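Colleague:
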Ligand SMILES: NC(=O)c1ccc[n+]([C@@H]2O[C@H](COP(=O)([O-])OP(=O)(O)OC[C@H]3O[C@@H](n4cnc5c(N)ncnc54)[C@H](OP(=O)(O)O)[C@@H]3O)[C@@H](O)[C@H]2O)c1
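Residue numbers (our numbering): 863 to 1089.
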């Protein structure tokens, strides 16, 4: 079986707004800035803890509140907790209109040990809910099926990993595939599953993750296809 190839559509260097300055957000920010993009990291609050974290981040990355990051960017990446994302991004409808929203989050309820326990949107997905709530935005789901360090170093795994793509707009998926290329993803590692409805499959893969983490700890992995 060969993967449908997604031709790259490189929109020159882009301004990318990342909502969330945590493990995923700051890791993506560093790698996308290193690839030449202008990156604005959207923080929740400018308190002492976030300022200390910011001091350790690449000086080429700018910081702003999340609304400003969404408004200023051409492409917005959601790296905030998935269980509250829908409510939050509904409030950014105007800022996100006409843009690509890359959703890398997982909408889960925690188990007793704090690891993902169950899906917030069984029978649907956060990505579908976002696309419904933000009709003027092109939502693309990707990168939610691996530990954060693999997102920017896919070649580090001994088995080639998979980055699934779901989205209704083919051009938006081409733009996101070009960003994945910037992060080191080879075209044959990118699996376009189809429309946004397919995100319910990749989002459900999170149910494997707590069992892997409990047995093996936080060692880099991706939930991938083998051929
Ligand atoms: N960690 C992974 O390996 C991994 C892999 C795949 C997908 N994901 C998904 O990616 C997302 C981010 O994960 P992470 O590991 O980077 O989490 P994290 O380290 O806890 O960072 C979460 C970020 O979201 C912000 N945030 C938290 N609650 C918020 C709220 N109510 N409103 C606005 N911002 C809020 C936090 O802001 P403060 O700093 O102000 O608290 C922080 O910047 C999650 O949806 C997760 O499921 C994670």
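Even glycine gets a Cβ: it sits at the ideal position worked out from N, Cα and C. These figures come from a predicted structure and were not determined experimentally.
Reducing DSSP to helix, strand and coil, say where residue 889 ends up.
Modeller: DSSP places residue 889 within a helical segment (H, G or I) once states are collapsed to three.
Colleague: Under 7 Å: does the beta carbon of residue 966 sit that close to some heavy atom of ligand 1?
Modeller: yes
Colleague: Report buried or exposed for residue 1021, applying the criterion of at least 16 other Cβ atoms within 10 angstroms of its Cβ.
Modeller: exposed
Colleague: Give me, in chain order, the residues of the same chain whose beta-carbon lies closer than 6 Å to that of residue 864; leave out the 5 immediate sequence neighbours on both sides.
Modeller: Summary for residue 864: the model assigns pLDDT 44, below 50, so the residue's position carries little reliability; its value from the coordinates is reported in the next sentence. Cβ within range, chain order: n/a, list empty.
Colleague: Just the C-alpha distance for residue 1048 and residue 886, rounded to the nearest angstrom, thanks.
Modeller: 20 Å
Colleague: Are the Cβ atoms of residue 964 and residue 999 separated by less than 8 Å?
Modeller: In this structure, residue 999 does not lie closer than 8 Å to residue 964 by Cβ.
Colleague: So is the beta-carbon of residue 938 under 7 Å away from any non-hydrogen atom of ligand 1?
Modeller: With a cutoff of 7 Å, residue 938 does not count as near ligand 1, since its C-beta is closer than that to no heavy atom of the ligand.
Colleague: Considering only residues of the region 982-1042, which uninterrupted beta strand (DSSP E) runs meet the minimum length of 3 residues and lie entirely inside it, listed in chain order?
Modeller: 1000-1003, 1025-1028
Colleague: May I ask you to report which of helix, strand or coil DSSP gives residue 959?
Modeller: coil
Colleague: Thinking residue 902 and residue 931 are a contact (beta carbons under 8 Å), I'd like their distance in whole angstroms, please.
Modeller: 5 Å
Colleague: Beta carbon of residue 1094: closer than 7 Å to some heavy atom of ligand 1?
Modeller: There is simply no residue 1094 to check, as the chain begins at 863 and stops at 1089 in what is shown.
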